[in-house]
Amino acid sequence: MSRLTRTTLVVASTLAAVALLAGCASGSAAPAASAGGEPKTGGTLTYLEPQTWTTLYPPSAGFYPNGGIVNNVTDRLLYQNPETLELEPWIATDYKVNDDATEYTFDLRTDVTYSDGTPLTAANVVKNIDLYGKGDKARALPVSEAINNYDHGEVTGDHTVVFHFTAPSPGFAQAVSTINSGLLSDATLDRTSEQFGPGNATKIIGSGPFVISDEQIGTQTSVTARKDYNWAPPSLKHQGAAYLAGVNYVVAAENSVRVGTVVAGQADIARNIPAPDEAQFAAGGLSLHAAATNGVNNGLSFRFREPRLADVRVRQAIIAGIDRQKIVDTLFTKNYPLATGALAKTALGYVDTSSYYTYDPAKAASLLDAAGWTLGSDGIRAKDGEKLTLSFNEALPQPRSKEVVTLIQEQLGKLGIQVNLFAGDMAAQTKASTDQSVIQVYHSMVGRADFDVLKSQYFSKNRNTLLNLNPADGSIGDPQLDTLLQAIASEPTTAERQAASEAAQTYLAENAYILPIFEEPQVFGLTAKVQGFATESVGRPTFYSTWLAG
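Everything in the sequence shown is counted per the numbering used here, starting at 650 for the first residue and increasing by one.
Structure follows, in structure tokens:
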């Protein structure tokens, strides 16, 4: 039996078993309520993910399958309201920041415990943030990209902690509201990178409303509600334990399986509903939940240090040769608005730079001619004996990446630019992404509801999607870009951060370093019995107030 066939059968059998369990569990809940009625307790919700999780170490949990679990088993110091993006109390009852944002003081709740029974103390909070702010190379645990300029934390009272920074760190308050700063027990914080990976889920101890109770590597992870949970964000109407008895996270890679299983009522929620399948959720009590990700838009990063892309005219030609509106109209729905800049309109720091991204194929051809790339008899442009051939990655976590690149391949092909799609699984894509000789144009996005998200995506010491930093020799291709991005994370006031973000976005546009395509949502399909479903500020599922109507 082939590996593909065996994997398909394993997933199918897992789905069947979980659907049966979900049906039994839901039936054991209190009598069914109509939509909008009083919340009912009990029942196990079945949630379908397109990919399996890879790590539960919070600073590395940005990948949506990771974050979907971490978000529900950990608490954070602060709560970011997903509607207003305002920061509110949670584990911290109050906080203060000094004038230059180099010192943060937090007062903590006194009644919080981890699921192993140990208390959440001031010393434990410092241990968490010290690890996330500094990392640990010996254990292969990276620094959180959300925390900048970190120096150290200290306990200054029984329930008070202070964090110190070497330079202004205005994004820290928002950073400790994200899943990247999910609070963990002391024993969990002592684990290695490998020990945060698959096979270790039940040993990851948080203080959140759910506890990881079972793991079937690569196919299913289950969480169970904590009956003694009673420290939700005070602004939430719901307090006390979660309504659900538990959640089964089931991996269903095939779009048709995820969609069909929910439509048939054999699962309750599925993430990443493809745009062509959205219409199936318009009837029968089914619904869609399209959550904004409030960050860097789905788009392309041009590795400008690669010789074929070093000339700004070539990058400008690629931008002018891509019909973004056609891509959106052909492949997506109204839930995927055309991007008007590097950031989503809902993102902090947004500025409209759409004038730099106008579709103009005649201009594109002229720019390529001026740059010395001439059409050959095979229809591909060449210069000094080298063909203008570019490789794009397939962004597996992003919706319809392969189809997006295929349309771009067609559009740029008319201009004499040959586009190749790099094929491979997540491991192959990740390895190739840091080598500009393999991937010249990088397709990606990142969600974070803070000004720092722009720095997270493009700064040389963060995601480095432009490969401004050459991993081989440590050199920086454009120091000015790094300076502009660093300013976003260092200016102490909101007005200054807005100005710094606008300056960096304009610089990215002027230099034709990026091409934003659309604002990427997280689209969930729900059955009629799912009530109270919500997402956090960048679209990860929050099951705390979710309940099943029956």
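Quick reminder that beta carbons are idealized off the backbone N, C-alpha and C, glycines included.
Being a predicted model, the structure only gives us computed values, none of them experimental.
Does the Cβ of residue i have 16 or more other Cβ atoms within 10 Å, making it buried, or fewer, making it exposed?
| i | result |
| --- | --- |
| N946 | buried |
| Q1129 | exposed |
| G1123 | exposed |
| I866 | exposed |
| D1027 | exposed |
| P714 | buried |
| K1063 | exposed |
| D748 | exposed |
| S642 | Residue 642 cannot be examined here, being either before or after the span of the chain that is shown, 650 to 1199. |
| N879 | exposed |
| Q974 | exposed |
| S1186 | buried |
| Y706 | buried |
| G831 | buried |
| Q888 | exposed |
| E1151 | buried |
| A741 | buried |
| S1003 | exposed |
| G895 | buried |
| G806 | exposed |
| E1043 | buried |
| P708 | buried |
| K689 | buried |
| E1168 | buried |
| N1069 | exposed |
| T1007 | exposed |
| T1184 | buried |
| G686 | exposed |
| P882 | buried |
| K786 | exposed |
| T693 | buried |
| G766 | exposed |
Residue i lies in the alpha helix (DSSP H); which residues open and close that run?
| i | result |
| --- | --- |
| G909 | N904 to V912 |
| Y1008 | Neither: Y1008 is in no alpha helix (DSSP H) and is coded neither H nor E. |
| Q974 | R973 to L980 |
| A991 | It is not in any alpha helix (DSSP H) - A991 carries neither H nor E in the DSSP assignment. |
| A822 | F821 to A824 |
Rounded to the nearest angstrom, what separates residue i and residue j at their Cα positions?
| i | j | result |
| --- | --- | --- |
| N1117 | A1076 | 22 Å |
| T1114 | D877 | 43 Å |
| P731 | F812 | 25 Å |
| L1024 | I1166 | 27 Å |
| Q1058 | K1012 | 18 Å |
| T1132 | R957 | 25 Å |
| R1097 | L790 | 21 Å |
| L757 | L1175 | 36 Å |
| A991 | I1163 | 8 Å |
| A988 | T762 | 43 Å |
| S1050 | V774 | 39 Å |
| A1020 | Q1085 | 21 Å |
| N1111 | S793 | 9 Å |
| E843 | T695 | 27 Å |
| A684 | A1014 | Per-residue confidence for A684 stands at a pLDDT of 49, beneath the threshold of 50, marking its modelled position as unreliable; the derived number appears in the next sentence. One C-alpha to the other measures close to 56 Å. |
| F814 | G933 | 54 Å |
| G1199 | T1191 | 19 Å |
| Y1091 | T1142 | 32 Å |
| Q1078 | V1087 | 10 Å |
| G855 | V804 | 21 Å |
| P699 | V900 | 6 Å |
| A795 | A966 | 34 Å |
| D800 | K783 | 8 Å |
| T770 | G914 | 43 Å |
| S1109 | N797 | 14 Å |
| Q1147 | Y999 | 8 Å |
Pop quiz: residue i and residue j are said to be a contact at Cβ under 8 Å. What is the actual Cβ separation, rounded to whole angstroms?
| i | j | result |
| --- | --- | --- |
| D1101 | I1066 | Going by Cβ atoms, the distance from D1101 to I1066 rounds to 34 Å, so no, they are not a contact pair. |
| V912 | L935 | 7 Å |
| L980 | V1053 | 7 Å |
| Q1135 | R952 | In fact, because the Cβ distance is near 21 Å, the residues do not count as touching under 8 Å. |
| S764 | V825 | Not really, about 20 Å apart at Cβ, beyond 8 Å. |
Considering just the uninterrupted stretch of the beta strand (DSSP E) at residue i, what are its terminal residues?
| i | result |
| --- | --- |
| N738 | Residue 738 is actually Pro in this sequence, not Asn. L736 to P738 is the span of the beta strand (DSSP E), which, as asked, contains P738. |
| T815 | No beta strand (DSSP E) contains T815, which DSSP labels as neither H nor E. |
With a threshold of 9 Å between beta-carbons, can residue i be considered close to chain B, or not?
| i | result |
| --- | --- |
| A894 | Absence of chain B from the displayed structure is noted, only one protein chain being present. |
Item to check | Segments assigned beta strand (DSSP E), at least 3 residues, entirely inside the stretch 1027-1111 | outcome: 1030-1032, 1038-1041, 1067-1070 and 1090-1095
Item to check | Segments assigned alpha helix (DSSP H), at least 4 residues, entirely inside the stretch 1138-1195 | outcome: 1143-1159
Checklist entry - Unbroken alpha helix (DSSP H) runs of length 4 or more, entirely within the stretch 836-920: which are they? => result 904-912
Item to check | Contained alpha helix (DSSP H) runs [length at least 4] in the stretch 733-801, N- to C-terminal order | outcome: 771-783
Checklist entry - Which whole runs of the alpha helix (DSSP H) in the stretch 686-738 are 4 residues long or more, in chain order? => result 713-722
Checklist entry - Whole alpha helix (DSSP H) runs in the stretch 920-966 with 4 or more residues, listed along the chain? => result none
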